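So the number in the numbering used here is just where the residue sits in the sequence shown, counting from 1, plus 41.
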Amino acid sequence: MQTTAGLFALVGMSALQDSTVAAKLRAGGAVILGKTNLSEWANFRSFESITFAF
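Take a look at the structure:
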């Protein structure tokens with residue numbers, strides 16, 4: 042699954058391994074269908090898109 046940490050520079054990148062939580066969920070039989078979207082690097086809360094902040 043692609044992961045960008047909300048950063049445009051990481052578009053197309055995939056995680057090398059599952060997080061601990063995802064691994065435990067998969068081991069328990071869960072099927073992960075998607076994930077949430079965070080602000081850039083998840084460092085702050087924002088109700089507006091920061092896509093064009095640069």
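In this text, a Cβ means the ideal position worked out from N, Cα and C, and glycines have one as well.
As the structure is a prediction and not an experimental result, all values here were calculated from the model.
The beta carbon of residue 44 is closer than 6 angstroms to those of 56 in its chain, skipping five residues each way along the sequence.
Between the alpha carbons of residue 42 and residue 69 lies a gap of roughly 19 angstroms. Residue 62: member of the alpha helix (DSSP H) spanning 61 to 68, first to last residue.
Setting aside the 5 residues that flank it on each side, residue 73 is surrounded in the same chain by 42, 63, 66, 67, each with a C-beta closer than 8 angstroms to its C-beta; the list follows chain order.
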